[in-house]
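The opening residue of the sequence shown carries number 1 in the numbering used here; numbering runs sequentially from there.
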Amino acid sequence: MKILLLVLLSFSCFNALAEVNKWVDENGRVHYSDQPPPSNAKKVLSSASKAKVSAETGDATESGSAADSGNSDEPKTIAEREADLKKKKRADKEAAEKAAKEQAAKDAIQENCIRAQQSLRELQSGMRIMELDAKGERSYLGDEERQKRITKTQQDISILCK
Numbered sequence: 001m002k003i004l005l006l007v008l009l010s011f012s013c014f015n016a017l018a019e020v021n022k023w024v025d026e027n028g029r030v031h032y033s034d035q036p037p038p039s040n041a042k043k044v045l046s047s048a049s050k051a052k053v054s055a056e057t058g059d060a061t062e063s064g065s066a067a068d069s070g071n072s073d074e075p076k077t078i079a080e081r082e083a084d085l086k087k088k089k090r091a092d093k094e095a096a097e098k099a100a101k102e103q104a105a106k107d108a109i110q111e112n113c114i115r116a117q118q119s120l121r122e123l124q125s126g127m128r129i130m131e132l133d134a135k136g137e138r139s140y141l142g143d144e145e146r147q148k149r150i151t152k153t154q155q156d157i158s159i160l161c162k
């Protein structure tokens, strides 16, 4: 059974090697087929066929590649479309990452603004404010230190909360 399956799979792979022919008929219509074009049709070589012909003849001219890039009437090959799609996905991903970073920065600024406003309200409330010093001992803010911090916090708010 495995041998039969292997034989069938090997025969099915031969179609993958078929060449795609492109030609223009007398009415100017473009046709694609795996069959050779009729004798009265003008055959158009694809970029893969051009590379194959130039490899066979030993010609490595750049005029063929310049003609390929300059002719926008020809449909893009699958490889070109994949490359374009990958570029677009990469650009979309980079744009999304940039937008996420900008949004995160805006959110951080907004959060800092809210914290500064809350700190100002606490400083202006008149309640005693206690802090722990480096030794872990309690100390309370005096009126001069409170006024300095109120001024500093107001300056921070004017910068952060635009």
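Even glycine gets a Cβ: it sits at the ideal position worked out from N, Cα and C.
N- and C-terminal bounds of the alpha helix (DSSP H) containing residue 179: Residue 179 falls outside the range modelled here, since the chain spans only 1 to 162, and no answer is possible.
Nearest residue (CA-CA) to residue 130, options 37, 141, 123, 75: The count along the sequence shown starts at 1 and reaches residue 130 at position 130. The shortest Cα separation from residue 130 among 37, 141, 123, 75 belongs to 141.
Euclidean distance between Cα positions of residue 79 and residue 86: As a position in the sequence shown, residue 79 is number 79, starting the count at 1. As a position in the sequence shown, residue 86 is number 86, starting the count at 1. Cα-Cα distance, rounded: 10 Å.
Start and end residues, beta strand (DSSP E) containing residue 131: As a position in the sequence shown, residue 131 is number 131, starting the count at 1. Counting along the chain, the beta strand (DSSP E) containing residue 131 begins and ends at 130–132.
Contact set for residue 31: own chain, Cβ-Cβ below 6 Å, skip 5 residues either direction: Residue mapping note: residue 31 aligns to position 31 of the sequence shown, counting from 1. In chain order, 23 place their CB closer than 6 Å to the CB of residue 31, counting only its own chain and leaving out the 5 sequence neighbours on each side.
Reference residue 158; option with closest CA among 139, 133, 110, 125: As a position in the sequence shown, residue 158 is number 158, starting the count at 1. Checking every option, the nearest Cα to that of residue 158 belongs to 110.
Touching by the beta-carbon criterion (3+ pairs, under 8 Å), the stretch 93–101 and the stretch 130–139: no
Buried versus exposed, by CB contacts within 10 Å (16 or more), residue 3: Looking up residue 3 in the sequence shown gives position 3. It is exposed - the Cβ of residue 3 has fewer than 16 other Cβ atoms within 10 Å.
Residue 151, buried or exposed, once every other Cβ within 10 Å from all chains shown has been counted against 16: Here residue 151 refers to the residue found at position 151 of the sequence shown. Classified as exposed, residue 151 has fewer than 16 neighbouring CB atoms from the shown chains inside 10 Å of its CB.
Enclosing alpha helix (DSSP H) for residue 146 [first to last residue]: As a position in the sequence shown, residue 146 is number 146, starting the count at 1. Start and end: 143–160.
For residue 10, the three-state DSSP class (helix, strand or coil): Here residue 10 corresponds to residue number 10 of the sequence shown, with the count starting at 1. DSSP places residue 10 in helix when its eight states are reduced to three.
Beta-carbon proximity list for residue 25, same chain, < 7 Å, skipping 5 on both sides: Along the sequence shown, one-based indexing puts residue 25 at 25. Closer than 7 Å at the Cβ level, and outside the excluded window around residue 25, lie 31, 41.
Reduced DSSP category for residue 22 - H, G, I as helix; E, B as strand; rest coil: As a working mapping, residue 22 is identified with position 22 in the sequence shown. In the structure shown, residue 22 sits in a strand (DSSP, three-state: E or B).
Chain-order list of residues whose beta-carbon lies under 8 Å from that of residue 116 (same chain, five-residue window excluded): On the sequence shown, position 116 is the one that residue 116 refers to. The residues are 153, 156, 157, 160, 161.
Whole-angstrom distance between residue 34 and residue 57, CA atom to CA atom: Residue 57 sits at position 57 when you count from the first residue of the sequence shown. Residue 34 sits at position 34 when you count from the first residue of the sequence shown. Confidence at residue 57 is low in this model, with a pLDDT of 48, below 50, so its placement is unreliable and the value that follows should be read with caution. Cα to Cα, residue 57 sits roughly 23 Å from residue 34.
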